[in-house]
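Accompanying notes for the structure given below.
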Amino acid sequence: MLKGKTALVTGSTSGIGLGVARALAAQGANIVLNGFGDAEGPKAEIAAMGVQVSYHGADMSKPAEIEDMIAHATKVFGSLDILVNNAGIQHVARVENFPVERWDAIIAINMSSVFHATRLALPAMLKRNWGRIINVASVHGLVASAEKSAYVTAKHGVVGLTKVIALENAATGVTCNAICPGWVLTPLVQKQVDAKAAALNVSNDEAIRRLLGEKEPSMQFTTPEELGALAVFFCSPAGNNVRGVAWNMDGGWTAQ
Ligand code: NAD
Numbered sequence: 075m076l077k078g079k080t081a082l083v084t085g086s087t088s089g090i091g092l093g094v095a096r097a098l099a100a101q102g103a104n105i106v107l108n109g110f111g112d113a114e115g116p117k118a119e120i121a122a123m124g125v126q127v128s129y130h131g132a133d134m135s136k137p138a139e140i141e142d143m144i145a146h147a148t149k150v151f152g153s154l155d156i157l158v159n160n161a162g163i164q165h166v167a168r169v170e171n172f173p174v175e176r177w178d179a180i181i182a183i184n185m186s187s188v189f190h191a192t193r194l195a196l197p198a199m200l201k202r203n204w205g206r207i208i209n210v211a212s213v214h215g216l217v218a219s220a221e222k223s224a225y226v227t228a229k230h231g232v233v234g235l236t237k238v239i240a241l242e243n244a245a246t247g248v249t250c251n252a253i254c255p256g257w258v259l260t261p262l263v264q265k266q267v268d269a270k271a272a273a274l275n276v277s278n279d280e281a282i283r284r285l286l287g288e289k290e291p292s293m294q295f296t297t298p299e300e301l302g303a304l305a306v307f308f309c310s311p312a313g314n315n316v317r318g319v320a321w322n323m324d325g326g327w328t329a330q
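Here the numbering used here runs 74 ahead of the position in the sequence shown, where the first position is 1.
Next up, the structure:
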């Protein structure tokens with residue numbers, strides 16, 4: 075379905091980004107990977123799916139590096155058709171204890187990078203009158219949790235920005251939507267599981283049970299594969315008129 079298209083997935087060396095990259099590659103899209111983790115493993119795996127793959131190590135907190143990455147994608151593959159803004163970090167602390175440097179980093183990486191990558195990718199998408207911008211927000215773009223001030227602020231911002239981008243391009247072939255996962259067991263969440271296990275002096279499994287039990291009625295993690303399938307739907311012809319949604323995949327978290 076996506077043969078001949080190019081998808082850039084930020085933060086795709088692990089977790090959700092890698093799951094989305096795999097799902098888009100399975101549909102035939104060429105892939106540009108990004109992120110700070112091991113790139114060689116994911117690169118080899120995606121190349122083995124029969125598509126072309128490239129990597130750019132832009133730091134998503136640095137607008138000049140984002141600009142270089144968008145130019146790289148266009149130079150290597152001739153076009154950038156699908157932009158998945160996924161890179162993100164987390165820090166957990168009460169507002170009065172929140173390190174200023176962590177606040178700035180989360181706002182830059184989780185929110186401002188979406189603005190920068192989108193503003194740089196949009197003109198060429200509009201010229202071809204086809205594009206998909208998919209922002210990996212979070213349930214925390216819709217509701218809050220204590221001790222996640224910067225993350226909740228950034229993700230609410232991403233949901234708002236998604237709607238503005240969708241509206242500004244509503245009469246074109248470029249759509250913009252957000253995905254709002256609940257808990258997904260990636261390195262980002264394993265850190266929170268480890269912290270809970272240490273704080274409560276319980277096993278990894280018990281920490282997971284409590285983490286899910288606090289928020290997620292399904293008592294199941296959403297998987298990167300499920301999120302990848304949603305991204306593929308946004309890219310499909312049936313997704314043509316889906317514009318500006320914040321689609322949660324959260325085991326009932328926000329239904330409560
Ligand atoms: P992860 O830690 O597995 O992946 C994050 C990716 O971002 C990695 O590839 C990492 O190297 C990259 N990254 C971090 N800082 C970067 C920077 N400055 N520049 C470029 N790349 C950078 O985490 P994940 O859980 O897969 O998170 C992916 C996205 O999903 C994030 O935006 C996160 O907020 C969101 N999300 C995660 C969950 C969850 O439960 N795991 C839930 C909702 C939303």
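Idealized CB from N, CA, C, for every residue including glycine. Remember, predicted model here, so these are calculated numbers, not experimental data.
Evaluate Lys201 with the Cβ neighbour count: other Cβ atoms within 10 Å of its Cβ, from every protein chain shown; 16 or more gives buried, anything less gives exposed. exposed
With H, G and I counted as helix, E and B as strand and the rest as coil, what does DSSP make of Lys222? strand
Can you tell me the Cβ-Cβ gap for Pro232 and Val188, rounded? I've got them flagged as a contact below 8 Å. The amino acid at residue 232 is misidentified as Pro; the sequence shows Val. Rounded, the Cβ-Cβ distance is 5 Å, consistent with contact.
Return yes when at least one heavy atom of the ligand NAD lies under 6 Å from the C-beta of Phe111, else no. Note on identity: in this sequence residue 111 is Gly, with Phe being the wrong assignment. Gly111 Cβ: within cutoff of the ligand NAD.
Please name the residue in Leu285, His230, Gly85, Gly326 whose C-alpha comes closest to that of Asn159. Closest by alpha carbon: Gly85.
Which value, in whole angstroms, describes the spacing of the CA atoms of Arg283 and Ser277? 10 Å
In angstroms, rounded to a whole number, what distance separates the CA positions of Lys222 and Ala252? 20 Å
For a test of the three-state rule: what should DSSP assign to Ala167, helix, strand or coil? strand
Could you say which of Thr227, Asn104, Ala99, Cys250 lies nearest to Ala320 if we only look at CA atoms? Cys250
As assigned by DSSP and simplified to three states, the class of Val248: DSSP places Val248 within a strand segment (E or B) once states are collapsed to three.
For the candidate residues Ile140, Phe172, Leu286, Cys309, whose alpha-carbon lies nearest to that of Val94? Cys309
Confirm, please, whether the CB-CB distance from Ile90 to Pro298 is below 7 Å. Contact flag set, yes.
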